[in-house]
């Protein structure tokens, strides 16, 4: 019986496979094999034993279902079950498996290997999304639309600038992801409370050899487990990214309102249905799905920080929680990143509606442009602001064009010609550095 929607509705197989039982077992076995090789390099165990352990420490030989059976029926301990099943295939070399290690030397280092694979997927997702946003920003570099603040018309901008702002935000997330690697992709091989006592004089060398072998950073100090501030950073980063994606998707949803209709999510098929009863509906379901899953993802922040607070050198309260939080967060993040890329790759843009929405303001959105032009003509900025404010209130109250009201103001027309006023009211000429910013971001 399937209960979790990640099993049958959300998430890509590529990311789910990383957190599958089989892949987890594979990574734990890789750590055990690397530990054996480190011991062999330091002459603590025979080279032949390390070779035997390495050859058998694969999921082709060690069946994760058998490991689970042994845990359930015999050991009641996951790593001891793994060690026991691996040992059955290693003959005399069995006595060298897991030598000097504690369970979380294997578990945390194995998790780091899984996270390393997940980071690669998320990084590629972010690059794909950034590339798509840049492509669409370049496409709409000159597409003029109204900017909005407080959900009200502000001043003109370009749709390309809106997308370039998003691309720049994703670029910052890429930077954060790469920066986080050195703190999150770490393993340990330091024993029961972090002293490395069971490894004797070779403790430092063993940890370095194992992490170098596995391509991971090594901890400088820890208790029995890798500090969970590292996992909290990962979940926080994922939550930060998800909030950006929710923001982008929310903008599409808002721009798709019929009374705005400047951009809209495209239907995937000709036969796609918007509503079971309202046949005319064309709903932004992907954008809404992104928003809902992003909210769910961020719900894992609290347990991730709670998992930092453990008794002494560690207790087990984090373990059950992390079996849920880490995998769910990364599967959800990958899912909404891929959906976001698709959303913006296919988003429909309606420049004529953008122009129409600018025009509906009857010139009010050009008030700032008028104020700045009057200032350039020698009028004080404050005086120009008050004149435009009064004229705007009058135009709105009388349902007239701002330009016509201003033409009746003697103090305005004595410093500006009628042709200049006409030019100031052209929104195409008041997008500032929108186009240059798009070029900078894309390049």
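Residue numbers (my numbering): 255 to 697.
Where a beta carbon is used, it is the ideal one built from N, C-alpha and C, also for glycine.
Under the three-state DSSP convention, the category residue i falls into
i: residue 403; result: strand
i: residue 378; result: helix
i: residue 617; result: coil
i: residue 449; result: coil
i: residue 512; result: coil
i: residue 607; result: helix
i: residue 298; result: coil
i: residue 316; result: coil
i: residue 502; result: helix
i: residue 625; result: helix
i: residue 287; result: helix
i: residue 233; result: The structure shown does not extend to residue 233, since the chain spans only 255 to 697, so no value can be given for it.
i: residue 274; result: coil
i: residue 263; result: coil
i: residue 390; result: helix
i: residue 461; result: helix
i: residue 306; result: helix
i: residue 269; result: helix
i: residue 456; result: helix
i: residue 675; result: helix
i: residue 476; result: coil
i: residue 668; result: coil
Distance, residue j Cα to residue i Cα
i: residue 277; j: residue 476; result: 26 angstroms
i: residue 642; j: residue 684; result: 17 angstroms
i: residue 357; j: residue 293; result: 17 angstroms
i: residue 501; j: residue 626; result: 32 angstroms
i: residue 663; j: residue 428; result: 53 angstroms
i: residue 339; j: residue 351; result: 11 angstroms
i: residue 579; j: residue 540; result: 24 angstroms
i: residue 474; j: residue 377; result: 26 angstroms
i: residue 458; j: residue 508; result: 57 angstroms
i: residue 386; j: residue 631; result: 43 angstroms
i: residue 271; j: residue 595; result: 21 angstroms
i: residue 506; j: residue 518; result: 6 angstroms
i: residue 698; j: residue 613; result: Outside the displayed span of the chain (255 to 697) sits residue 698, for which this structure offers no information.
i: residue 396; j: residue 658; result: 28 angstroms
i: residue 268; j: residue 682; result: 46 angstroms
i: residue 694; j: residue 413; result: 15 angstroms
i: residue 587; j: residue 303; result: 41 angstroms
i: residue 260; j: residue 582; result: 8 angstroms
i: residue 566; j: residue 318; result: 32 angstroms
i: residue 544; j: residue 601; result: 14 angstroms
i: residue 262; j: residue 256; result: 7 angstroms
i: residue 469; j: residue 690; result: 42 angstroms
Under 7 angstroms between C-beta atoms of residue i and residue j
i: residue 467; j: residue 288; result: yes
i: residue 499; j: residue 548; result: yes
i: residue 265; j: residue 585; result: yes
i: residue 440; j: residue 488; result: no
i: residue 615; j: residue 407; result: yes
i: residue 410; j: residue 398; result: yes
i: residue 373; j: residue 516; result: no
i: residue 390; j: residue 598; result: yes
i: residue 311; j: residue 283; result: yes
i: residue 491; j: residue 430; result: yes
i: residue 353; j: residue 456; result: no
i: residue 417; j: residue 496; result: no
Any chain C beta carbon closer than 7 angstroms to residue i
i: residue 623; result: Among the chains of the structure shown, chain C does not appear; only one protein chain is present.
Counterpart residues of residue i in DSSP-defined beta bridges
i: residue 411; result: 399
i: residue 471; result: 440
i: residue 602; result: 518
ask   = Enumerated in chain order, which unbroken segments of the alpha helix (DSSP H) with a length of 4 residues or greater are wholly contained in the stretch 328 to 369?
value = 332 to 341
Contiguous alpha helix (DSSP H) assignments of at least 4 residues, all confined to the stretch 634 to 661 = 635 to 652 and 656 to 661
task = Taking only runs that begin and end inside the stretch 507 to 594, name each unbroken beta strand (DSSP E) of 3 or more residues, in chain order.
result = Listed in chain order, there is nothing to give.
task = Could you pull out every unbroken beta strand (DSSP E) segment of at least 3 residues lying fully inside the stretch 412 to 436, listed in chain order?
result = Within the stretch 412 to 436, there are no complete beta strand (DSSP E) runs of at least 3 residues.
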